[in-house]
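Inspection log for the structure reproduced underneath, given as structure tokens.
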Amino acid sequence: MAKYEYSYYPGCSSQKGASSSNLSRSVETMCEELDVKLNVIPDWNCCSASIGYGGGGVLPRMTLSARNIALSEKHNVGQDIVATCAACWLATKEAQERFDHDGDLMADTNKALAEAGLKLENKTKIRHMVEVLIEDIGYEQIGSGVKRPLEGLKVAGYVGCQTNRPFGIDGESFENPMYLDKLVDTLGGESIKTYEKKVQCCGGALAFSEPVKSQEMIHGIIESAYDNGADVIATPCPLCQANVEIYQDEINAKYGSKFNMPVVYYSQLIDVAYGRNAKDASLDGQIIKAKKLEDIAGK
Amino acid sequence: MSTNTGMVEKYRNNFLKEVEANVEEGEWVKMCMQCGVCAGSCPLGSHWAHPPQEIFMMIRAGKRDEVLTSDSMWMCTSCYNCIVRCPRELPITHIMHGLANYAKRLGLTPKSQPTAWFSQVFWDNMMKKGRVNELKLGLSLYFKDGLVSGIKESIKHQKLGMNMMKAKRMSIAELFGGHGVKDISDLQKIIKKAEEIENARIESYGK
Ligand code: SF4
Ligand code: SF4
């Protein structure tokens, strides 16, 4: 039996062939290493992220999350739900809080769920994978499994918005969370404590609808990583990762910059530090190759 | 009578009451003490004609049309800076989402507001199979202004698409079916019921 076991909510972008399939692959490797078993919520649905509000009212949106929690409570009894996507975690946890505080909303959502014979108890804890790492496993234990320290790798820890606000991780400060830096140091890398854009918004879903306005912010996020001497930006958030990595060509064309900054997930750092190869760490999923990290992985 | 005129009559121009009754977390608006912290917190701050603080003031001043036809709340990136900073703990993000949703429901959103458009496309895309089809979502974005500009946009972003395919983070298979929940009719039934319950509540206010 695995040491840790959770009900897993992977989310749309984590699926095969989707924009953060590299996150889910690297998380799988990481969980193998840390003896964590993830049981996917059978037939989970989209949470509608933080952008569904134009099409869906409060109750329909909350009910999307209610169905996921109800399915988890039915099939993965007694297990905390763990999400790897910031928006999935946030939407689900927010819905849960709302149901807790608003009995009418809870009653209404259960009326809707009854259409498919489901029922929400709302007793399940909703957690982020980073919380599992920090609160359940802990830095010390993570550090003890490091086989290939990320020596000399300078990492700009980009926490972003929704893995940080409004819920926060492990009670850390919203304005200057340190957990990503601590994790990097635990893995033998060099965290950059002066990376001032660590909680700057990348535009989120507005990177699609307002690309010019969002890319201005993304430009700043990357520029500051260069100014701070980073080899790589690391983040826990799939939308942050994609937004900061994939538009660098477009940003270069607009701003005359020469950005070519790799953006990786915390899970990929762990995989490499634990001695896994580039493929297991899904480094083949980079649009901008993380050369230095690949070198460490190839050692 | 349209829901919009119905609302105006019902609340006799008491816009604050209307917001409290119909807008997500609207009952919090009166708690705002106008400190201005949220106004300095929005990442797209310079693009907000009226930052959240001002919107709350305008609601209390009864500036109904100005608020609901504004595109300000559509500038919200859901960054949650405001929520963790507001000394009165207003759920500002949700009020912005709520105002946006309410304005759209009443047909007052400015034409071709890109985020209003995108959020609807996202919702419809997601509701088809219960999960987002990223490829189709991206294509809707490129083709939103018609075929010709769509082809131009697609060519402009061709390299990005190729890069994503190469990295196996975008898949042509999504055009033909793709991922989805098994019980899609069940999910659609559930959400339809939720919509019915919610619409009935809001429409009863308009009467
Ligand atoms: S931060 Fe809170 S109290 Fe201050 S203006 Fe904004 S909503 Fe009002
Ligand atoms: S969540 Fe929205 S309203 Fe709040 S600071 Fe961010 S952009 Fe502004």
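Going down the list, the protein sequences come from chains A and B. Remember, this note's numbering sits 2 above the position in the first sequence when you count from 1. Remember, this note's numbering sits 1126 above the position in the second sequence when you count from 1. Quick reminder that beta carbons are idealized off the backbone N, C-alpha and C, glycines included. From a predicted model like this one, the values you see are computed outputs, not experimental measurements.
Could you tell me whether the Cβ of residue i comes closer than 8 angstroms to any Cβ of chain A?
{"i": "glutamate 1144 of chain B", "result": "no"}
{"i": "alanine 1320 of chain B", "result": "yes"}
{"i": "phenylalanine 1302 of chain B", "result": "no"}
{"i": "glutamate 1153 of chain B", "result": "no"}
{"i": "proline 1236 of chain B", "result": "no"}
{"i": "threonine 1131 of chain B", "result": "no"}
{"i": "alanine 1299 of chain B", "result": "yes"}
{"i": "isoleucine 1221 of chain B", "result": "no"}
{"i": "glycine 1279 of chain B", "result": "One point to set straight first is that residue 1279 of chain B is glutamate, not glycine, in the sequence displayed. By this cut-off, glutamate 1279 of chain B is not an interface position."}
{"i": "valine 1134 of chain B", "result": "no"}
{"i": "isoleucine 1218 of chain B", "result": "no"}
For residue i, which three-state DSSP category applies?
{"i": "lysine 1285 of chain B", "result": "helix"}
{"i": "alanine 1293 of chain B", "result": "coil"}
{"i": "glutamate 1329 of chain B", "result": "helix"}
{"i": "tyrosine 10 of chain A", "result": "strand"}
{"i": "arginine 1214 of chain B", "result": "coil"}
{"i": "lysine 1308 of chain B", "result": "coil"}
{"i": "histidine 130 of chain A", "result": "strand"}
{"i": "isoleucine 83 of chain A", "result": "strand"}
{"i": "serine 1280 of chain B", "result": "helix"}
{"i": "tyrosine 267 of chain A", "result": "strand"}
{"i": "glutamate 192 of chain A", "result": "strand"}
{"i": "leucine 1234 of chain B", "result": "coil"}
{"i": "isoleucine 302 of chain A", "result": "A query on residue 302 of chain A cannot be resolved here, the shown segment of chain A reaching from 3 to 301 and no further."}
{"i": "valine 38 of chain A", "result": "strand"}
{"i": "glycine 205 of chain A", "result": "coil"}
{"i": "glycine 1264 of chain B", "result": "helix"}
Which residues in the same chain have their Cβ closer than 6 angstroms to the Cβ of residue i, if we skip the five residues on either side of it in sequence?
{"i": "valine 1307 of chain B", "result": "Gly1256, Leu1313"}
{"i": "leucine 120 of chain A", "result": "Ala72"}
{"i": "methionine 1222 of chain B", "result": "Met1199, Cys1202"}
{"i": "threonine 31 of chain A", "result": "Asp273, Arg278, Asp282"}
Shorter than 8 angstroms from the beta carbon of residue i to some beta carbon of chain C?
{"i": "isoleucine 1209 of chain B", "result": "The question asks about chain C, but that chain is absent: this structure's protein chains are A and B."}
Excluding the 5 residues flanking residue i on each side, which residues of the same chain have their C-beta closer than 8 angstroms to its C-beta?
{"i": "tyrosine 257 of chain A", "result": "His221"}
{"i": "valine 134 of chain A", "result": "Tyr6, Tyr8, Val38, Val84"}
{"i": "threonine 111 of chain A", "result": "Leu61, Met64, Thr65, Ala68, Phe101, Leu122"}
Between the Cα of residue i and those of the options, spot the shortest distance and give me the residue it belongs to.
{"i": "histidine 77 of chain A", "options": "A:Tyr11, A:Gly147, A:Lys293, A:Leu25", "result": "A:Tyr11"}
{"i": "lysine 1270 of chain B", "options": "B:Thr1241, B:Ile1298, B:Ile1316", "result": "B:Thr1241"}
{"i": "alanine 68 of chain A", "options": "A:Lys156, A:Gly145, A:Phe101, A:Ser21", "result": "A:Phe101"}
{"i": "serine 15 of chain A", "options": "A:Asn41, A:Ser226, A:Cys87, A:Val79", "result": "A:Cys87"}
{"i": "alanine 89 of chain A", "options": "A:Ile128, A:Asn178, A:Gly140", "result": "A:Ile128"}
{"i": "asparagine 70 of chain A", "options": "A:Gly58, A:Ser50, A:Gly54", "result": "A:Ser50"}
{"i": "lysine 301 of chain A", "options": "A:Ser284, A:Tyr276, A:Gln288, A:Gly287", "result": "A:Tyr276"}
{"i": "leucine 208 of chain A", "options": "B:Glu1260, B:Lys1230, B:Leu1170", "result": "B:Leu1170"}
{"i": "isoleucine 223 of chain A", "options": "A:Ser211, A:Thr237, A:Phe210, A:Glu212", "result": "A:Thr237"}
Looking at the C-beta of residue i, does it have a partner C-beta in chain B at a distance below 8 angstroms?
{"i": "asparagine 24 of chain A", "result": "yes"}
{"i": "leucine 241 of chain A", "result": "no"}
{"i": "glycine 154 of chain A", "result": "no"}
{"i": "arginine 129 of chain A", "result": "no"}
{"i": "phenylalanine 176 of chain A", "result": "yes"}
{"i": "leucine 295 of chain A", "result": "no"}
{"i": "proline 12 of chain A", "result": "no"}
{"i": "glycine 56 of chain A", "result": "yes"}
{"i": "serine 15 of chain A", "result": "yes"}
{"i": "leucine 285 of chain A", "result": "no"}
{"i": "methionine 108 of chain A", "result": "no"}
Near residue i, which residues of its chain fall below 7 angstroms by C-beta distance, leaving aside the five closest residues on each side in sequence?
{"i": "cysteine 1161 of chain B", "result": "Pro1213"}
{"i": "tryptophan 1200 of chain B", "result": "Ala1226, Gln1239, Thr1241, Ala1242"}
{"i": "glutamate 1144 of chain B", "result": "Met1133, Tyr1137"}
Please list, in chain order, the residues of the segment 1161-1181 of chain B that have any C-beta partner in chain A closer than 8 angstroms.
Pro1169, Leu1170, His1173
When you check each C-beta in the segment 1185-1210 of chain B against every C-beta of chain A, which residues fall closer than 7 angstroms?
Thr1203, Ser1204, Cys1205, Tyr1206, Asn1207, Ile1209, Val1210
Listed from N- to C-terminal order along the chain, which residues in the segment 1252-1274 of chain B have their beta-carbon within a distance smaller than 7 angstroms of any beta-carbon of chain A?
Met1252, Gly1256, Arg1257, Val1258, Glu1260, Leu1267
What are the residues in the segment 35-62 of chain A lying within 8 angstroms of chain B by C-beta distance?
Asp45, Trp46, Asn47, Cys48, Ser50, Ala51, Ser52, Ile53, Gly54, Tyr55, Gly56, Gly57, Gly58, Gly59, Val60, Leu61, Pro62
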